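Numbering (UniProt numbering), first residue to last: 1 to 303.
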């Protein structure tokens, strides 16, 4: 994999560019890397992703469109993670990096369809699909590369931040600090962002893509995030997650992750333009927050 060079002045302006200009920039930079660009398959306010072909093989090209230092840092983390994946492959299907430069990444294209194109699932999934997804995340959690993966979440710091933001009261703050202390330093590998769009299903296989947040977390992090984005539409997946948490005996860590991630999810959606869908989703998330706070308080009483 070629090392990302320093940014040059012609990289500026993409953040404010229109969709056509961004796609034109993607096509031009992909062509310089030997890629013929196909169609856009995913677009966010920070990146655009398209299919393509390189040396006759199907590939994915991803162009970072923001200069925000946070997202630049996330991409650098992802590229380092891909280097580690090359040296110590995880026991799950993941893409390989074929080329990387300042903003552009070219990856092998994996077979399969996304579990959903939306952040929050829009439909229920079959029991077989639920088990396939959870088996994949469990398999990734058992991956222990050397050196250990970084820990993206400062749990005590996150607790205090959510308390300061008004999502947690004093009792919640105390309970969470107590439980995190009791859980100790044990961490496991997690994808960090197992949204439906990052899960590719191909018959009896599930592949993972996008590793901007992959690292070491308290157990149950991926399950907690998946619960948040699935619960409103997929009782089958939600029930399967609950069974995994119980079987693995990770209820406390899972509930800590669930509460903190629910706070984050509310904050993310509060910043979106208000419409009927956002209002409905926020109402659901606030119900989830109330239940998660109740569960944390109960765990503290039982401890």
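Positions of the beta carbon are idealized from the N, C-alpha and C atoms, including for glycine. No experiment lies behind these values; they were computed from the predicted model shown.
Self-check item: Bounding residues of the beta strand (DSSP E) (the contiguous stretch that carries residue 99)
Solution: 97-100
Quiz prompt | beta strand (DSSP E) segment containing residue 216, residue limits | solution = 215-217
Self-check item: Same chain, Cβ closer than 8 Å to residue 158, five either side skipped, listed in chain order
Solution: 260
Quiz item: For residue 204, which beta-bridge partners are listed by DSSP?
Solution: BP columns for residue 204 are empty, so no partner.
Quiz item: Span of the alpha helix (DSSP H) holding residue 146?
Solution: Taken as a continuous stretch (DSSP letters only), residue 146 belongs to no alpha helix (DSSP H), as it is neither H nor E.
Self-check item: Euclidean distance between Cα positions of residue 122 and residue 190
Solution: 24 Å
Practice problem: Would you check if the region 76-87 and the region 204-224 touch, i.e. whether three or more CB-CB distances between them fall below 8 Å? | Solution: yes
Quiz item: By how many angstroms is the C-alpha of residue 48 removed from the C-alpha of residue 304?
Solution: One cannot answer for residue 304 here, as it falls past the ends of the chain, which runs 1 to 303.
Quiz item: Is residue 277 buried or exposed, if buried means 16 or more other CB atoms sit within 10 Å of its CB?
Solution: exposed
Quiz prompt | Unbroken stretches of the beta strand (DSSP E), 3 residues or longer, contained in the region 32-80 | solution = 35-43, 47-54 and 57-64
Quiz item: Among the residues of its own chain, which have a CB less than 7 Å from the CB of residue 41, if the five just before and after it don't count?
Solution: 49, 50 and 51
Quiz item: Is the CB of residue 117 under 8 Å away from at least one CB in chain C?
Solution: Reference to chain C is not applicable here, since this structure consists of a single protein chain.
Quiz item: Which two residues bound the contiguous beta strand (DSSP E) that contains residue 190?
Solution: 188-190
Quiz item: Per DSSP, what kind of secondary structure is residue 168 in: helix, strand or coil?
Solution: coil
Quiz item: With a CB to CB cut of under 8 Å and the five nearest residues on each side skipped, what residues in its chain are close to residue 177?
Solution: 156 and 159
Quiz item: On the three-pair Cβ rule with 8 Å, is the region 232-240 touching the region 125-137?
Solution: yes
Practice problem: State the Cα-Cα distance for the pair residue 282 and residue 297, rounded to the nearest angstrom. | Solution: 22 Å
Practice problem: Please go through the same chain and pick out, in chain order, the residues whose beta-carbon is closer than 7 Å to the beta-carbon of residue 59, but skip the five residues on each side of it. | Solution: 35, 52, 53, 98, 106, 107, 108 and 109
Quiz item: Can you check whether the CB of residue 262 is closer than 8 Å to the CB of residue 230?
Solution: no
Quiz item: With distances taken between CB atoms, is the gap from residue 30 to residue 104 smaller than 8 Å?
Solution: yes
Self-check item: Cβ neighbours of residue 315 in the same chain (closer than 8 Å, five flanking residues each side left out)
Solution: Given that the chain is displayed from residue 1 to residue 303, the structure contains no residue 315 and the question cannot be resolved.
Quiz item: On the three-state DSSP scale, how would you describe residue 104?
Solution: strand
Practice problem: Would you grab the beta carbon distance between residue 117 and residue 197 for me? Rounded to a whole angstrom, and I think it's under 8 Å. | Solution: 6 Å
Quiz item: In terms of residues, what are the limits of the alpha helix (DSSP H) holding residue 265?
Solution: 251-270
Practice problem: For residue 244, count neighbouring C-beta atoms within 10 Å of its own C-beta (all shown protein chains included) and say buried if the count is 16 or more, exposed if not. | Solution: buried
Self-check item: DSSP-derived helix/strand/coil call for residue 223
Solution: helix
Quiz item: How about residue 183 and residue 253: are their beta carbons less than 8 Å apart?
Solution: yes
Quiz item: Expressed to the nearest angstrom, what Euclidean distance is found between the alpha-carbon atoms of residue 87 and residue 147?
Solution: 11 Å
Exercise. Compute the Euclidean distance between the alpha carbons of residue 102 and residue 224, then round it to the nearest angstrom.
Key: 33 Å
Quiz item: So residue 139 and residue 92 are in contact, right, with Cβ under 8 Å, and what is the actual spacing, rounded?
Solution: 5 Å
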